[in-house]
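For what it's worth, our numbering labels the leading residue of the sequence shown as 840, then goes sequentially.
All residues carry an ideal CB built from backbone N, CA and C; glycine is no exception.
As the structure is a computational prediction, the values presented were derived from the model and not from experiment.
Data block below; observations after.
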Amino acid sequence: AQEQAVVGGLTGQLAGLNEILSSGEIRAAELQVVSHTDGTILDIPVEAGQVVSAGVTLVQIGSTGTLEIKTELLSDEIRRVNIGQDAWITAPVLDDQAISGQVTKIYPQAFEKTSALGVVQRRVPVIISIDEIGNLQPGYEVRVAIETVHKEGVILLPRESVRLNDDGEYQVLAIIDGKVEFLVVELGEKSQQWVEILEGIEVDQFVCRDASRELKEGTRVKGVLNGERI
C-alpha cells in the first residue's frame, strides 16, 4: 500500500510536470514570430535579449523573387500620374539598361519633406512594379521616368531653345536664309528636357539651340548640324 502511494504520488508529479511542460511549449509557440514569405534577411534592428513591445520590427526580409520601386513625386506633378501608366527605371548599377515597369499604387496622402536646398515640399509616394530585376537589390538608388503622355509625329525642341519675349509670348530664334528671325510659337506638352511645339515652326526648320543668346533679329549666322556648317 505504501509503495502504491509512492507510485501514485510520482505519477501525479509526472502528470503535473508534463502539464507544465506542455503549457510552456504552447506559450513558446505563441511567442514565435514566423515570416509570411521567403526571402533574404536585410536587417535585424533588435538585439538578442532585448525587451520589445507589440508592433516593433524584429527583422526586415526582402523577397528574392520580386522587387518594386517606391518613389516620391511632388504634389503638383501627381495629377498627371495614373495607375497603369508605363515607367522606365535606370540606375548606375544597370549601366545603359532601362527596366520597364508600371504604376501600381498612388498613396492617398502627401507628406512634407525638406529638399537638399532647404525647400519644404509636399510629396506623394508612388509604387512601381518592375518587369525584371536586373542587378537591382533592395535599397538601391534609381531614377524613375513615368510616361504620362504618349504622342507621335510631334515637333520637339530643347527647353533652352524657347524663351519669353517682352509681351509674354514664347518665341524661338529661327535661322532663315542665314539670318536670325524671332518667331512666336505655341507650346504643348513639356518635360524637364523638351517642349512640344504646336504652332510657329515647321519640321526641319533650324533654330538657335540657346534662346538666351543676345542676338538681334536680322543678324547673319551660320548653323551647325552634326558638327558641319549649314
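**Item:** Endpoints, beta strand (DSSP E) assigned at E1038
**Value:** By 1-based counting over the sequence shown, the position of residue 1038 is 199. Run containing E1038: 1033–1038, per the beta strand (DSSP E) assignment.
**Asked** If you run the structure through DSSP and keep just helix, strand and coil, what is E951?
**Response** Counting from 1 along the sequence shown, the entry for residue 951 is found at position 112. Secondary structure at E951: strand, using DSSP grouped into helix, strand and coil.
**Request:** Tell me, please, which residues DSSP counts as bridged to S892.
**Result:** Counting from one through the sequence shown, the residue named residue 892 turns up at place 53. None; S892 has no bridge partner.
**Request:** Could you name the residues of the same chain whose beta carbon sits closer than 7 Å to that of V845, not counting the 5 residues immediately before and after it, in chain order?
**Result:** For the purposes of this step, residue 845 is taken as the residue at position 6 of the sequence shown. With a pLDDT of only 49 at V845, under 50, the local geometry of the prediction cannot be trusted, and the value read off the model is given with reservation. Residues of the same chain with a CB within less than 7 Å of the CB of V845, apart from the 5 flanking positions on each side, do not exist.
**Prompt:** Under three-state DSSP, which class holds E1025?
**Reply:** Numbered from 1 along the sequence shown, position 186 holds the residue referred to as residue 1025. DSSP places E1025 within a strand segment (E or B) once states are collapsed to three.
**Message:** Quick check on S902: does DSSP put it in helix, strand or coil?
**Reply:** Stepping through the sequence shown from its first residue, residue 902 is reached at position 63. Of the three classes helix, strand and coil, the one that applies to S902 here is coil, per DSSP.
**Request:** Inspect the CB distances between the segment 914–932 and the segment 881–893 and report whether three or more fall short of 8 Å.
**Result:** No contact exists between the segment 914–932 and the segment 881–893.
**Asked** Alpha carbon to alpha carbon, what distance is there between Q899 and I880?
**Response** Along the sequence shown, read from residue 1 onward, the residue named residue 880 stands at position 41. Along the sequence shown, read from residue 1 onward, the residue named residue 899 stands at position 60. Roughly 6 Å separates the two Cα atoms.
**Message:** What does the alpha-carbon distance come out to for the pair I938 and W927?
**Reply:** As a first step, residue 938 is located in the sequence shown; it is residue number 99 there, counting from the start. As a first step, residue 927 is located in the sequence shown; it is residue number 88 there, counting from the start. The C-alpha of I938 lies about 6 Å from the C-alpha of W927.
**Item:** Identity of the residues DSSP links to A984 by a beta bridge
**Value:** Numbered from its first residue, the sequence shown carries residue 984 at position 145. DSSP links A984 through a beta bridge to W927.
**CA-to-CA distance, I908 to R982, given in whole angstroms** = Indexing the sequence shown from 1 puts residue 982 at position 143. Indexing the sequence shown from 1 puts residue 908 at position 69. Distance between the alpha carbons of R982 and I908: 10 Å.
**Prompt:** Could you give the C-beta distance for E911 and V959, rounded to a whole number, given that I count them as a contact under 8 Å?
**Reply:** In the sequence shown, residue 911 corresponds to position 72, counting from 1. In the sequence shown, residue 959 corresponds to position 120, counting from 1. Actually they do not touch by this definition, with Cβ atoms about 14 Å apart.
**Option in E1028, A1013, S1030, K1029 with minimal Cα separation from L1022** = Against the sequence shown, residue 1022 aligns to sequence position 183. Checked all of E1028, A1013, S1030, K1029; the closest Cα to L1022 is A1013.
**Message:** Whether or not the segment 1028–1039 and the segment 990–1002 are in contact is what I'm after, with contact meaning three or more pairs of Cβ atoms, one per stretch, closer than 8 Å; do they touch?
**Reply:** Contact between the segment 990–1002 and the segment 1028–1039 is established, with three or more Cβ pairs separated by less than 8 Å.
**Request:** Express the C-alpha separation of D1049 and I945 in angstroms, rounding to a whole number.
**Result:** For the purposes of this step, residue 945 is taken as the residue at position 106 of the sequence shown. For the purposes of this step, residue 1049 is taken as the residue at position 210 of the sequence shown. The alpha-carbon atoms of I945 and D1049 are separated by roughly 37 Å.
**Request:** Leaving out five residues on either side along the sequence, give the residues of the same chain with a beta carbon under 6 Å from the beta carbon of K797.
**Result:** Because residue 797 is not part of the residues shown, which for the chain are 840 to 1069, the question remains open.
**Prompt:** So S914 and A955 are in contact, right, with Cβ under 8 Å, and what is the actual spacing, rounded?
**Reply:** Counting from 1 along the sequence shown, the entry for residue 914 is found at position 75. Counting from 1 along the sequence shown, the entry for residue 955 is found at position 116. No, S914 and A955 are not in contact; Cβ-Cβ is about 18 Å, not under 8 Å.
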